[in-house]
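Just so we're on the same page, the numbering used here is the position in the sequence shown counted from 1, plus 13. Virtual Cβ for every residue (Gly too), placed ideally from N, Cα, C. Here the structure is a predicted model, which is why all the values come from computation and not from measurement. Everything on this sheet refers to the single structure shown next.
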Amino acid sequence: MEHKFTTANFEKEVLQAETPVFVDFYADWCGPCKMMAPVVAQLAEEYDGRIKVGKCNIDEEDGLARMYRVMSIPTMKIFVKGEVVATIVGAVPKEELDAELKKVL
Numbered sequence: 014m015e016h017k018f019t020t021a022n023f024e025k026e027v028l029q030a031e032t033p034v035f036v037d038f039y040a041d042w043c044g045p046c047k048m049m050a051p052v053v054a055q056l057a058e059e060y061d062g063r064i065k066v067g068k069c070n071i072d073e074e075d076g077l078a079r080m081y082r083v084m085s086i087p088t089m090k091i092f093v094k095g096e097v098v099a100t101i102v103g104a105v106p107k108e109e110l111d112a113e114l115k116k117v118l
């Protein structure tokens with residue numbers, strides 16, 4: 014299941030999560046973000062129950078984007094116990110994301 018992360022739920026859903034959390038910072042108008050959307054959806058399915066996977070729209074949540082220094086999109090961050098443990102920028106192969114996610118399991 015893919016989650017939607019917002020300023021209202023970020024603390025609870027990401028920072029206080031029991032499991033690692035993969036956050037895709039994206040925008041609807043971003044071409045590379047659209048390319049990554051099916052990959053992120055696939056990761057959400059494959060890691061369901063082990064890693065929480067979701068998206069954060071930077072146009073709607075610009076405060077979160079600034080807080081986590083998202084300079085270009087897509088930027089994907091992996092959080093463990095509220096801390097960023099990995100940052101991946103740009104459209105990358107699914108294998109690269111898999112490798113990063115396996116490190117936190």
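Beta-carbon proximity check, residue 49 vs residue 41, cutoff 8 Å:
The residue you call residue 49 lines up with position 36 of the sequence shown. The residue you call residue 41 lines up with position 28 of the sequence shown. Cβ atoms of residue 49 and residue 41: not closer than 8 Å.
Do you know how far the Cα of residue 39 is from the Cα of residue 16?
Mapped onto the sequence shown, residue 16 falls at position 3. Mapped onto the sequence shown, residue 39 falls at position 26. Here the alpha carbons of residue 39 and residue 16 stand approximately 13 Å from one another.
Excluding the 5 residues flanking residue 104 on each side, which residues of the same chain have their C-beta closer than 6 Å to its C-beta?
Sequence index remark: in the sequence shown, residue 104 carries index 91 (1-based). Around residue 104: 45, 48 and 49.
Counting beta carbon pairs with one atom in the stretch 48 to 63 and one in the stretch 73 to 80, are three or more of them shorter than 8 Å?
Short answer: they don't touch.
Cβ neighbours of residue 100 in the same chain (closer than 6 Å, five flanking residues each side left out):
Along the sequence shown, read from residue 1 onward, the residue named residue 100 stands at position 87. 90.
CA-to-CA distance, residue 61 to residue 113, given in whole angstroms
Taking the first residue of the sequence shown as 1, we reach residue 113 at position 100. Taking the first residue of the sequence shown as 1, we reach residue 61 at position 48. Cα to Cα, residue 113 sits roughly 16 Å from residue 61.
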